[in-house]
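Shown next, in structure tokens, is the structure this report addresses.
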Amino acid sequence: MSRHPYRPYALALGLLWGLPALLVAALHYSLPPASAGQCSGIGFGCSLPPADAVVLLAMLAAPFLLLAGLVVCVVIAFVQARR
Numbered sequence: 000m001s002r003h004p005y006r007p008y009a010l011a012l013g014l015l016w017g018l019p020a021l022l023v024a025a026l027h028y029s030l031p032p033a034s035a036g037q038c039s040g041i042g043f044g045c046s047l048p049p050a051d052a053v054v055l056l057a058m059l060a061a062p063f064l065l066l067a068g069l070v071v072c073v074v075i076a077f078v079q080a081r082r
């Protein structure tokens, strides 16, 4: 049984980058946007509609997920090199 050397990378990056991207897309398109006549945006008593709030949270999480993915790839490479 041969193991594919890139399978751990694909699994890690799929969980750290792919799954959040799919979740953000699914939530963004399934949650309601701002209704006509409602205040949208942040400030002056306004709040973001749920669809836009998901995108904002994704933008805040993206740098951390990027860093986590890179760290996991380095750890996987180190473990594979030690074997």
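At position 5 of the sequence shown (counting the first as 1) the number is 4 in numbering that gives the first Met the number 0, and the numbers step up by one without a gap.
Idealized CB from N, CA, C, for every residue including glycine.
By the 10 Å Cβ neighbour count, where 16 or more other Cβ atoms means buried, how is residue i classified, buried or exposed?
| i | result |
| --- | --- |
| V73 | exposed |
| L69 | exposed |
| V78 | exposed |
| L15 | buried |
Considering residue i, what are the terminal residues of the alpha helix (DSSP H) in which it resides?
| i | result |
| --- | --- |
| R6 | R6 to L12 |
| S29 | L18 to S29 |
| C72 | P49 to R81 |
Below 8 Å on the Cβ atoms is my guess for residue i versus residue j; work out the distance and round it to an integer in Å.
| i | j | result |
| --- | --- | --- |
| P32 | P48 | 5 Å |
| P19 | L64 | 6 Å |
| P53 | L30 | The question names Pro, but residue 53 is Val in the sequence shown. Contact flag correct, Cβ pair sits at about 6 Å. |
| A11 | V71 | 5 Å |
I need the straight-line Cα distance from residue i to residue j, nearest angstrom please.
| i | j | result |
| --- | --- | --- |
| A67 | L56 | 17 Å |
| L26 | I75 | 31 Å |
| Y5 | M58 | 28 Å |
| A24 | A50 | 10 Å |
| G13 | Y28 | 21 Å |
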